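Here's the structure, in structure tokens; my notes come after.
Residue numbers (full-length UniProt numbering): 1 to 473.
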């Protein structure tokens with residue numbers, strides 16, 4: 001079977017690795033990864049991702065090129081390859097705490113990121129497990145780890161821009177998808193594939209192939225944008241002592257910061273999000289004006305570290321926040337959407353990268369199951385097996401993602417511009433949620449239990465059992 005993965009971001013590379021690990025007779029399958037842009041060097045105060053802005057999804061990337069991999073995402077990496085997991089941990093920062101603050105200087109609460117307590121509560125058999133914590137990282141750092149793992153497994157990234165994906169009735173080999181791409185020299189080529197995986201982000205070409213010009217499938221600007229980046233230099237002692245990512249809410253926006261590498265690397269990632277009346281033109285940015293607005297926006301915020309960051313940061317671009325409405329499906333006829341191409345999440349969820357990793361694992365396990373030959377086969381032909389896997393993938397993953405979206409919507413309003421009364425009501429609300437977890441559960445549900453105890457294998461087993469019952473009937 002020929003598989004083409006469109007997009008060599010975090011989700012695309014993870015999908016390649018999972019397919020290589022799980023597909024039966026892996027050497028009988030050809031798996032190709034296409035990417036339209038070469039990655040930039042590791043971010044520093046002097047570099048940004050603005051050149052690739054159209055290709056990035058703000059749900060995966062904390063504004064400016066940083067991200068957090070939640071415990072559920074880290075468990076997917078460990079299951080995929082312990083060496084890869086170790087490399088990701090080694091290059092990142094173990095954020096053992098989420099520290100929530102107000103712009104007025106109040107500390108509203110501290111939340112452990114470890115999943116140990118939640119997993120013990122859900123299943124006593126997990127009692128002996130060591131808990132996973134959130135790993136803060138530059139996007140490039142995580143991407144480099146995945147890229148090395150792909151190369152070590154014999155894979156490569158082909159730098160070709162996929163300009164069109166199209167259904168066909170099937171060629172002489174039974175392949176149902178036609179791909180048109182352009183290389184870096186501008187030469188165009190066409191080919192066919194049995195399966196195309198759209199890991200091409202919020203502005204997905206593969207999604208366009210599935211839904212055409214349907215406005216309901218287009219990305220939506222949330223009305224919020226951000227700036228961010230990395231600062232190199234000695235870190236305040238308090239950062240090492242707190243071992244966490246700091247999130248500060250204010251009357252006119254939101255500010256976050258965290259080390260993105262081990263403390264010894266002296267690298268701090270930061271991001272500031274705010275309301276904008278219209279979609280910013282990312283190709284015509286007045287960086288001096290953006291920097292001036294950043295300083296002005298946070299001038300009354302009392303965290304000395306925020307003041308130090310905004311005074312010394314070099315702002316190079318602005319990052320609009322995009323999301324997607326729920327789609328009626330994530331694929332059919334040999335095409336499937338994955339990661340941000342299927343469900344661009346609000347950054348408030350903190351789950352963009354981790355949900356992409358879960359997608360990659362789930363899709364690969366389903367394809368492996370469908371393409372093997374179980375006693376009670378649900379599908380008889382390879383093309384039918386692929387389509388059944390795509391259908392089950394949506395049925396398993398969409399409800400989970402939808403719950404995360406709902407939770408994110410409840411929190412995203414905390415970043416909007418508000419008056420003084422609303423500001424302090426927001427602080428009280430957040431303080432109460434941290435102080436009295438039962439209130440947080442009442443409003444948001446069992447966040448840690450729901451997020452950290454989900455298992456792709458368990459959900460697949462349930463779905464397969466149900467499908468076999470339906471198939472027999």
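By construction, the Cβ of each residue, glycine as well, lies at the ideal position given by its N, Cα and C atoms.
Just so it is clear, the structure is predicted and the values come from calculations on it, not from any experiment.
- Assignment of alpha helix (DSSP H) within the stretch 186-243, counting only whole runs of 4 or more residues, yields 205-211, 237-242 in chain order.
- With a cutoff of 8 Å on beta-carbon distance, residue 205 and residue 15 are scored as not near each other.
- The three-state reading of DSSP puts residue 453 in coil, since its state is none of H, G, I, E or B.
- The C-alpha of residue 11 lies about 33 Å from the C-alpha of residue 252.
- For residue 307, the uninterrupted alpha helix (DSSP H) run begins and ends at 304-312, by DSSP.
- Boundaries of the beta strand (DSSP E) harbouring residue 33: 30-35, taken from the DSSP string.
- Here residue 171 is exposed, its C-beta having fewer than 16 other C-beta atoms within 10 Å.
- Straight across, the Cα-Cα distance linking residue 151 with residue 17 is about 10 Å.
- Annotation: residue 432 to residue 280 spans about 35 Å, alpha carbon to alpha carbon.
- Judged by DSSP in its simplified three-state form, residue 148 adopts helix.
- Going by beta carbons, residue 227 and residue 290 fall inside the 8 Å limit.
- Rounded to the nearest whole angstrom, the C-alpha separation of residue 404 and residue 349 is 7 Å.
- A distance below 6 Å between beta-carbons, with the five flanking residues on each side excluded, links residue 107 to the following residues of its chain, in chain order: 101.
- DSSP places residue 340 inside the alpha helix (DSSP H), whose first and last residues are 340-343.
- The C-alpha of residue 2 is placed about 8 Å away from the C-alpha of residue 32.
- The stretch 86-105 and the stretch 234-244 touch, with no fewer than 3 CB-CB distances between them shorter than 8 Å.
- The C-beta distance from residue 260 to residue 136 rounds to 6 Å, short enough to fall under 8 Å.
- A contact between stretches requires three or more CB pairs, one per stretch, nearer than 8 Å, and the stretch 383-394 meets this requirement with the stretch 357-366.
- If you draw a straight line from the Cα of residue 411 to the Cα of residue 190, it comes to about 45 Å.
- Taking the Cβ atoms as the reference, residue 179 lies roughly 6 Å from residue 165, within the contact range of under 8 Å.
- In the structure shown, residue 403 falls within a helical segment according to DSSP collapsed to helix, strand and coil.
- Closest in C-alpha terms to residue 329, from the list 119, 399, 299, 168, comes 399.
- In the DSSP annotation of this structure, residue 361 is not part of any beta strand (DSSP E); the continuous alpha helix (DSSP H) holding it starts and ends at 352-371.
- Here DSSP, grouped into helix, strand and coil, assigns residue 1 to coil.
- Per the coordinates, the alpha-carbon of residue 359 lies some 27 Å from the alpha-carbon of residue 182.
- Excluding the 5 residues flanking it on each side, residue 111 has same chain C-beta neighbours closer than 6 Å at 98, in chain order.
- Inter-residue distance for residue 420 and residue 429 is about 14 Å (C-alpha atoms, whole angstroms).
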